[in-house]
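Contents: one structure, followed by commentary.
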Amino acid sequence: MNIYEQQLRIDRALFEKMELLDVKHIVNKNEFVFYICSSSGTMYTIKINSDISCNCPDFLTLTKDIYCKHICYTLIKLLSYDKDLIINPINCGEIDIENNLNNIKNNINKESIPYQKYKQLRYFNKINLLGNCVVCYET
Numbered sequence: 122m123n124i125y126e127q128q129l130r131i132d133r134a135l136f137e138k139m140e141l142l143d144v145k146h147i148v149n150k151n152e153f154v155f156y157i158c159s160s161s162g163t164m165y166t167i168k169i170n171s172d173i174s175c176n177c178p179d180f181l182t183l184t185k186d187i188y189c190k191h192i193c194y195t196l197i198k199l200l201s202y203d204k205d206l207i208i209n210p211i212n213c214g215e216i217d218i219e220n221n222l223n224n225i226k227n228n229i230n231k232e233s234i235p236y237q238k239y240k241q242l243r244y245f246n247k248i249n250l251l252g253n254c255v256v257c258y259e260t
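In the working numbering, the protein residues as written are 122 to 260.
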């Protein structure tokens, strides 16, 4: 594992503006799906089951032992996972999402512009939710 590369993504997760848009529990797959609006205004899907994945270009090109900033954001900011443990391979079975699902949903800002745009969408994958400034969401 490249510790430097992982630390860069952890730092981005801690300091860039990202927002939880939704979280779903797909019971028959024992999977949790997080929809995150990134600092660029693009929505990404993070899936946690026996493994962790994201549909962002960074994650899709990384080796399996490095997590993208969206996964780091989900683990650290939403699931209170110790950032120092992200340097090691993560045992997804140790992450208690189900018992904290209501608390996690409380992180959704239903007044935000990205959330309002998200709620208007029927299909979503990698969608730019904002047509304006990626930092302050203003035109």
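From the three backbone atoms N, C-alpha and C, an ideal C-beta is built for every residue, glycine too.
Go ahead and label Ser159 buried or exposed: buried means 16 or more other beta carbons lie within 10 angstroms of its beta carbon, across all protein chains shown. Classification of Ser159: buried, given that the 10 Å Cβ count is 16 or more.
Please report the straight-line C-alpha distance between Lys168 and Cys177, rounded to a whole angstrom. In a straight line, the C-alpha of Lys168 is about 12 angstroms away from that of Cys177.
Taking the straight line between their C-alpha atoms, what separation do you get for Ser171 and Ile218? Those two C-alpha atoms are separated by around 13 angstroms.
Counting only runs of 3+ residues fully inside the stretch 164-219, write out the beta strand (DSSP E) ranges in chain order. 164-169, 173-175, all fully within the stretch 164-219.
Own chain, CB closer than 6 angstroms to Phe155, minus 5 neighbours either side, in chain order: Excluding residues within five positions, the ones whose Cβ falls inside 6 angstroms are Val144, Ile167, Thr195.
Give me the Cβ distance between Ile131 and Cys193, rounded to the nearest whole Å; I'm assuming they're in contact under 8 angstroms. Their Cβ separation, rounded to whole angstroms, is 5 angstroms, which keeps Ile131 and Cys193 in contact under 8 angstroms.
Supposed close pair Ile225, Ile173 - CB separation, criterion 8 angstroms: Incorrect: roughly 15 angstroms between the Cβ atoms, too far for contact.
For Glu140, which residues does DSSP report across the bridge? Cys158.
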